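Student:
Chains as they are written, first to last, in the working numbering: chain A, 12 to 363; chain B, 12 to 363; chain C, 12 to 363; chain D, 12 to 363.
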């Protein structure tokens, strides 16, 4: 139950199970999808069914994890900004200590910089355990900012966030330097499953992926992204598990890659910026807590393992929905027909 | 109440009132914000307070509205694709009739095309009344696709969606060609209000906007976007009013522009891609319906006027939250302190 | 001969002939390539050889042509900017007359706008005959600006160029709205030619194109572009024919699309922004004039036909070089070996 | 003189001197500009005049330098690709040795990776002394590729260039990770010089920069770039000094930042991707060699110092032209008038 008098009660269904393997989770899991777009449920369910018919299911590989915050400083000129960068590089150990003193969980991983005229943008990267880390990173950056401004009198405060972070904005930097969990979900689907469950062929899906997701998105002026609808699945799981769902903006930047391998379909979804946690704002609401428990994301005490498990499940869920829609779009008319049919049946069921 | 047994009950509060004027709405309105990030409420509330202290309040101008869908076709070669484009241009009246025959509300506004090798991408643009128009546009495009494929035997079906639409993806095309409501929200804040309510100066906000939103986002590799956190406000209103919140991906692409005018602060948020409706999926859920009624977005029978009113309110809400955060970031430490303070007080209140 | 005492004498060779067909040129032409990168010559020559072995050669389709300039104005607010846009739409005939009065050749095709806060960006599109049209468009825009500022007293001058044009910058707008010649070059290469002349297979080229040009460029954060090295060929022909070669910046944004068709290779280069002319700055230098004559680009009096012929030749030249490099990169080590071998032989020949 | 029978003789003039200081060069230098666009000469000359009237002249800071090449590999799956990345990280010393064994000058600085499905993109970064380093980087990457493919039998060759490099393409990766010389050029111009030489005010230039270069480019869908015409100046110096001028594509991505400081104008040009060298292809042509000598770029034996000097000069030249055009565009009509006037006078002089 929700503790607030008022709430936006987003309809939620459990779909699955999805068969999973990889470096963060092995086994079958149901996933909760909260959405106003009911056709999403059968769409993901079809993908989940496919996963159960494949040898390794969906293989989810967590490639990286980190949370970032960039601060903005003004120097007397670019030369002074460059000198500050060198001072920071040499004093790395002190910076790590500043972070450790402020937070039990945050750990400084890396500092990147950009100099524009006399402006200095510093991008701090942190390990943040099972938290998505927004607040932890801001808190740690605040401490680093204090420390730097005290030590380097020639620098002036610009902003605690310089938009080189980048939070909830679709940019290139997060994919290139990393932010959130970087997860690749892959599946190899035997030809007979492609035919019987997806009603298409590997060749048709691979061709559509090139034309629509790669060429079509390029034409549209997309940035570091090539997929059909990652945002739909992300939103639904984020809402169901108490995540800051505004992070679907960068989370939905990812690349679908498909190949016809002698009739079998290799299909993968690469999501470099899944920003989720199992603790923090939203995760303690009763329903979110219950959903995280049912997902097995409260099961271990190893810092970060619960969040990595969740990220792997999310990437697999995205693959299920992406695969299903792509298969549908290889067939003229199927998409619309299935939308209409499902929404009509939903209306009957729920009296919408 | 929600008709589903299960739901993600996203905490919701009404904030305001916001003082508004412009070509879609005049007067004061409270706005509902559903979010797991509770600091958003006082942040928007501060902006709303500012709006009530300014002569015209926030002036929201609806510049354009349309919904789009792109289809993908394959021609024998680029020359044949070009011939098809010319045939479509000459047969414009027939295409409008095809759309009118399929839908009572959708009206064909424009057709754009892109030719890549032998691939032909057609982007249909529709007026869709008070609906956001996803399904209406897909249905109409499906009809157009049938019509074209029947008439031009040399073309082959590629996809009912070619990603040149573009739905729920951050690209350049929507801002350049239009998709959803294009709304500009502006305010001129007297110097004494900037000082007393926002605790900053017009010069500081304008300077921060250039350095963070414009230069910082450029550095990050952003695409057609320059703002601090539009996504947060959009998500909260979208969830509260039954919108397809995955559309915050493109909705959050917008530009904040601020100027110091002799101490007064000119501050504007331009949101070219607000994709919302007052009818359709999600809007009939009890709470969404009630919220739309309270917003005055069920009040008129003029097609499109309710949705324009909603879009104007949303743009103004975005301005409130953007203004408040930008003001906060001009002051070292304020952001973090206010987050911590508010979250602590929330915990006391709601027992999180 | 060059009339200046000093010059940068860029080495030039004629390569070809390239076999061409399409809507702007039919027949075989040699092309002049001025470059400091000598391996470009044999690379394009190999592609030209391929073209002569295919039935229709390279088919070049000129899809569109226009030149643009955007001006920037400031209005009292967004509402006033919108009113100005409506005034311009209604007074379209007068605007055409303003352009016609200023220039014998420029003709107003279209006006696009963007409103950001109180700023109004107008993008004028012109037909400019055989000129690339930079100056013609600026002159006409200047006249339009005068006319608008005189008629609408509430608007203030911002800039004669507002960067929404966009000239010599890599952006999305030119590809979406059009600027310069939009040309598609296509070829279908029989399997035996792919094997004997390009030492590869259609499948290998198509696969590499997806992985490198589409996925690789997406990863790099490219914008509306997916190719291996269009810039090299463009620069070489632009310099050889007196073009403003800084326009390779947007000219090199284009998409290579390749497919394996039962062993035959479908290969296309789509270049939406070839900004070239056969008259104007640079084209009257003795060598440029001579080169344009030899290309057959001084042969007709039909306005625009010479420039379209040149654009078609350039797109075909780009295809030759792109095809050759892509084929080479399917084979480990070939690229480097051919570079080293050719540069060594060049050194022997020219005593570099 | 040129050793080739044929050449594109691009008109060249020396402009200046430009007054310079910073970490790579101090003093005054004339610069050679080869261009078909003659108005560029007086434009840069005006900026050079301004530089001589300012205390430190133009301060050019070389922030970074490196050359890159990305290779593309295919792994059995993402997990195997991740294992390969870890193997490379642990075996860093061996990789450095492989590079050292292949080249006297190249030194491995950094390896970055991207995993997309089962594809592995590796981006190698090298120090390359006074060479721009294209060939050196390709040669070294070729050696690394051989080494990796031999050691890790599960990987397959994809391409020696995976477009994540990125060469001669406008992307985000080069600015974020670095490629070529990263140079910031800055100047502080006293108010009276802004008025007397540039006929404008600091406030007007700063305002125009925000509206045109930052907002206008954002509207156009630009990527990591905000300037008026860097490409023009880069092309002219690149051609005059034997550079591979196709590198203006990424070189022209940079940010102009201007501020009004109590009437004085702070003006800076940040160019993160100046890809130039003083040795290698093109630099041995007689005129290029002579020009490099006159620029003082053959004067020292310290590896890299000549190329850094050249990069600093180029950034300063870009600033001169950018400043001059921006000042002109603050005044209605000046741009066109100066173009027409200058071209007419050029015609008289050279008999064009």
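Where is the CB? At the ideal position from N, CA and C, for every residue including glycine. Bear in mind the structure is a predicted one, so any value in this text is a computation, not a measurement.
Taking only beta-carbon positions, decide if residue 233 of chain C is within less than 9 Å of chain A.
Tutor: yes
Student: Run down chain B in chain order and give the residues with a C-beta less than 7 Å from the C-beta of residue 72 of chain C.
Tutor: The contacting residues are 89, 90, 93.
Student: For residue 195 of chain B versus residue 249 of chain B, is the C-beta distance shorter than 9 Å?
Tutor: no
Student: Give me the residue from D:303, D:333, D:174, D:275 with the minimum Cα distance to residue 65 of chain D.
Tutor: The option with the nearest alpha carbon to residue 65 of chain D is D:275.
Student: When the Cα of residue 251 of chain D is compared with those of D:41, D:35, D:159, D:239, which residue comes out closest?
Tutor: Sorting D:41, D:35, D:159, D:239 by C-alpha distance to the C-alpha of residue 251 of chain D places D:41 at the top.
Student: Once you ignore the five residues that flank residue 360 of chain B on each side, which residues in its own chain have a CB closer than 6 Å to its CB?
Tutor: Summary for residue 360 of chain B: the model assigns pLDDT 38, below 50, so the residue's position carries little reliability, and this model does not support an answer.
Student: Which ranges would you report for the beta strand (DSSP E) in the region 63-106 of chain D if only whole runs of at least 3 residues count?
Tutor: With a minimum length of 3 residues, the continuous beta strand (DSSP E) runs that stay inside the region 63-106 of chain D are 69-85.
Student: What in chain A is Cβ-close to residue 268 of chain D, meaning under 9 Å?
Tutor: 127, 128, 129, 130
Student: Using a beta-carbon distance cut-off of less than 7 Å, what residues from the region 165-197 of chain D approach chain A?
Tutor: 183, 184, 187, 188, 195, 197
Student: Helix, strand or coil for residue 114 of chain B, going by three-state DSSP, please let me know.
Tutor: Correct three-state label for residue 114 of chain B: coil.
Student: Quick one: Cα of residue 332 of chain A to Cα of residue 26 of chain B, how far?
Tutor: 36 Å
Student: Considering just the uninterrupted stretch of the alpha helix (DSSP H) at residue 296 of chain C, what are its terminal residues?
Tutor: Per DSSP, residue 296 of chain C belongs to no alpha helix (DSSP H) and is neither H nor E.
Student: Measuring only between beta-carbons, confirm whether residue 276 of chain B sits less than 9 Å from chain D.
Tutor: Taking a beta-carbon distance threshold of 9 Å, residue 276 of chain B does not count as an interface residue toward chain D.
Student: Which residue marks the beginning of the beta strand (DSSP E) containing residue 259 of chain B, and which one marks its end?
Tutor: Where residue 259 of chain B is concerned, there is no enclosing beta strand (DSSP E), although the alpha helix (DSSP H) it sits in stretches over 259-262.
Student: In terms of alpha-carbon separation, which member of A:273, A:244, A:268 lies closest to residue 280 of chain A?
Tutor: A:268
Student: So residue 224 of chain A is in the alpha helix (DSSP H); what residue range does that whole segment cover?
Tutor: Segment: none, residue 224 of chain A is in no alpha helix (DSSP H) and carries neither H nor E.
Student: Quickly, what does DSSP pair residue 18 of chain D with across the bridge? List them, please.
Tutor: C:22
Student: For residue 89 of chain C, which residues of its own chain have a beta-carbon under 7 Å away from its beta-carbon, when the five flanking residues on both sides are left out?
Tutor: 126, 128, 129
Student: Kindly give me the distance between the Cβ atoms of residue 79 of chain C and residue 233 of chain D, rounded to whole angstroms, as I take these residues to be in contact under 8 Å.
Tutor: Distance from residue 79 of chain C to residue 233 of chain D at the Cβ level is roughly 15 Å; contact not present, criterion being Cβ atoms closer than 8 Å.
Student: Along the chain, which unbroken stretches of the alpha helix (DSSP H) at least 4 residues long are found entirely within the region 146-209 of chain A?
Tutor: 184-188, 202-209
Student: Which of the residues in the region 230-263 of chain A, read from start to end, lie with their CB under 9 Å from any CB of chain C?
Tutor: 230, 231, 232, 233, 234, 235, 236, 237
Student: Could you check whether the Cβ of residue 34 of chain C sits closer than 9 Å to any Cβ belonging to chain B?
Tutor: yes
Student: Taking the alpha-carbon of residue 199 of chain B as reference, which of B:258, B:272, B:190, B:57 has the nearest alpha-carbon?
Tutor: B:272
Student: From the DSSP output, in three-state form, read off residue 125 of chain A for me.
Tutor: It is a strand residue.
Student: CA-CA distance, residue 314 of chain B and residue 291 of chain B?
Tutor: 14 Å
Student: Decide if residue 12 of chain A is buried, meaning its Cβ has at least 16 other Cβ atoms within 10 Å, or exposed.
Tutor: Low per-residue confidence applies at residue 12 of chain A: pLDDT is 36, beneath 50, and the placement is therefore not dependable, though the value from the model is reported in the following sentence. Exposed: under 16 other Cβ atoms inside 10 Å.
Student: For the region 276-292 of chain A, enumerate the residues whose C-beta is nearer than 9 Å to any C-beta of chain D, in chain order.
Tutor: 277, 278, 279, 280, 281, 283
Student: Distance cutoff 9 Å, beta carbons only. Does residue 359 of chain D sit that close to anything in chain C?
Tutor: Low confidence applies here, because residue 359 of chain D scores a pLDDT of 42, under 50, leaving its location unreliable; read the following figure in that light. Nearest CB-CB separation between residue 359 of chain D and chain C: not below the 9 Å threshold.
Student: Going by DSSP, what residue range makes up the alpha helix (DSSP H) through residue 287 of chain B?
Tutor: Under the DSSP assignment, residue 287 of chain B falls outside any alpha helix (DSSP H); it carries neither an H nor an E label.
Student: Please report how far the alpha carbon of residue 310 of chain D lies from the alpha carbon of residue 140 of chain D, in whole angstroms.
Tutor: 14 Å
Student: To the nearest angstrom, how far is the alpha carbon of residue 242 of chain A from that of residue 266 of chain A?
Tutor: Using only the alpha carbons, I get a separation of about 12 Å.
Student: For a test of the three-state rule: what should DSSP assign to residue 307 of chain C, helix, strand or coil?
Tutor: coil
Student: Note down, in chain order, each residue of its chain lying with its Cβ closer than 6 Å to the Cβ of residue 21 of chain B, except the 5 sequence neighbours on either side.
Tutor: 45, 250
Student: Please check if any C-beta of chain C sits within less than 9 Å of the C-beta of residue 219 of chain D.
Tutor: yes
Student: Between residue 81 of chain A and residue 132 of chain A, how many whole angstroms is the CB-CB distance? I'm expecting something under 8 Å.
Tutor: 5 Å
Student: Could you name the residues of the same chain whose beta carbon sits closer than 6 Å to that of residue 189 of chain D, not counting the 5 residues immediately before and after it, in chain order?
Tutor: 75, 77
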